[in-house]
Structure formats: C-alpha cells, structure tokens
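The structure appears below as structure tokens.
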Amino acid sequence: MDPVTGGGDDKKSTPEAERLTGRGGGMQSSQSQAQAKPPQAAVRADPPAIIVTPSPPPPVEVTDSGATVGRMPVPSPPPPADPRDVTGLIAELGLTEDDTAEPTALVPSERLREVAESLKARGFMLMDTVGLDYLTYTQPRPKRFAVLHNIYHPHDHRRLFLRVWLDDGEVLDSLYPVWKAANYLEREVYDLMGVEFVGHPDLRKVLTPDDLEGHPLRKDFPLGETPTLFRDGRFLDPAAFRAGVTGQQSGLTGYRGELRRGRGEDRLPPVMPEGGPK
C-alpha cells in the first residue's frame, strides 16, 4: 500500500468505509433480516358480535291529561276450549248444573222425558241408570231418593248425568220410549230401590225373588234379620256374609243339599238329572 497516495487500497478501503459510514450496510442488514425473519401466522378475525335486541316494554296506560298511571299487562291467549265440556249444553236445555265431580244436571221429574228426547236428537245415548238412597246421609238433601241417568255421546265423547230427586212413593217417567236400553236398567232400580217407572212395558223384578218383601239397596232394609233366599235354593246368610267380608270365614253362600255348602273346599259340579232339569 502506498502511504502517500493510497493507491491500491481503494478496493479495500471502500468496503471498510462503507462499513464505517453505514452505506450499503443498511441494505445488507435489511436483506439478512428479511431472510432470517420467520414467517408470521395469519391473524384470525374475531367472530362477529351477537346483537341482542331487547323486547319492547309492555304498553303504558296514559290518561287524557298525558299522565302515566301504570303498565297494562299483555293479555295471554285464551286456552283452547274442551270439546267434552257440556256447560253450554246444560244452559241450552234450561237446566241447573249440580255441584259434583262429574258434569251433572238437575232435572225436574216432569221434564225428564222432554230432556231425554232433546239429548237423543243431538246423538246422545243412555249408558246406565242407578238409584240412590240418602236416608242416612250426613248432609241434607232435597229428597230422600235420587235417580241418575248416565248419558253419553259416542262421537265426541261428551258425558252428562241427569239427576232427578224423588220422595218415597213418588213415580218417575220411564225412558224406555226414548232409549230401549232403559228396559233392564229401570227394572233393576225398581227391584233394588223401589222406584216405579211410569210407561215401562214390563216393570217387574229382575234380581231378587218374587216373594221377597222390601228392596235390598234401601238404607232401612233389614239385612241382618233373615237370610235372603233365591229361587234355585241358594241363600245368603247375613252373619256369614259379614264374617266373610272381614276375613273371619271363607264361605259366604250356601246351597240346601249336598252340592255346595259354602265351606271353601273343592266342590263337585252339579250333575244334570236324567231327562233334563225338573
């Protein structure tokens, strides 16, 4: 190297000068940093925010003067009507609804057949007829006896009970001219309760013997005095019946003779006598 002119050192001095002055160094360093810089992951965008729209407040009642007097509740939709509800039918027939668990209408005795014909025209049918004796009932009742007719519609499944109050000895119109099903139903009430049905074509006993006095379902029937004797010789002893109900005795009924004694052991079936029944 020439110390005076510096010849021959230009090529060497230039990189050194550039290194000292920073020329070109920035480019090289930036390139090296770009090569050494690791790739950056893609930034995931945040999910869109959920916007909740508040429900509008209930309407406010405002007077003529502009003053707010309170909030009016939003009316709820009415519940669907019960297709088996007979409240409107009872009112349409001009009857009074009885306070019972089942839909029951109070029917005057003189209007029973008229009401029955109206119900039959609407498609109702007679399902059952029962009699009740309220002689020893704890709460007062209009009359001692009541006859209940169970009326049913087979298509829309509506059910209605017709209650008729009767005194002892008071007669009631038969529903046989309206529904033929009343034949044996009214005969049973006549036999066991003693209610007479006017207009019945064959009103006679259906369960108890013809010579039995009284009606077994009446509260004043002497159940514990004499055995109940049936036509085929079978009898029901009241003392044995009560003992069987309480579990003190197995047999409740007996036959006169040797076929059945009511003792609970294995019994031989009855044998048909020669030539048929006598």
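Using the numbering used here, the first residue of the sequence shown is number 1328, and each one after it goes up by one.
Ideal Cβ positions, reconstructed from N, Cα and C, are used throughout, including at glycine.
Whole angstroms is fine: what's the gap from residue i's alpha carbon to residue j's?
i, j, result
"R1411", "D1495", "35 Å"
"P1481", "I1378", "55 Å"
"V1434", "L1493", "11 Å"
"L1475", "P1402", "41 Å"
"E1538", "K1532", "Sequence check: residue 1538 is Asp here, not Glu. C-alpha separation (whole angstroms): 10 Å."
"T1535", "F1524", "18 Å"
"L1499", "P1404", "46 Å"
"F1466", "V1413", "Before going on, a small fix: residue 1466 reads as Gln here, not Phe. Taking the straight line from one Cα to the other gives about 27 Å."
"R1486", "A1428", "12 Å"
"N1510", "E1424", "27 Å"
"L1462", "R1468", "9 Å"
"K1447", "V1505", "8 Å"
"E1419", "S1445", "10 Å"
"A1408", "P1543", "44 Å"
So the alpha helix (DSSP H) residue i belongs to, where does it begin and stop?
i, result
"I1417", "T1414 to E1419"
Quick one: what does DSSP say residue i is sitting in, helix, strand or coil?
i, result
"A1509", "helix"
"L1487", "strand"
"L1439", "helix"
"T1428", "Sequence inspection shows Ala at residue 1428; the Thr mentioned does not correspond to that position. If DSSP states are grouped into helix, strand and coil, A1428 belongs with coil."
"V1533", "coil"
"V1516", "helix"
"L1446", "helix"
"L1502", "coil"
"T1423", "strand"
"V1525", "strand"
Name the two residues that bound the continuous beta strand (DSSP E) containing residue i.
i, result
"V1457", "M1452 to D1460"
"H1667", "For the chain, the structure presents residues 1328 to 1605; residue 1667 sits outside this window and is missing."
With 16 as the cutoff for other CB atoms within 10 Å, does residue i come out buried or exposed?
i, result
"K1432", "As written in the sequence, residue 1432 is Ala, which differs from the Lys given in the question. Buried, because 16 or more other Cβ atoms sit within 10 Å of the Cβ of A1432."
"T1456", "buried"
"H1484", "exposed"
"G1458", "buried"
"Y1464", "exposed"
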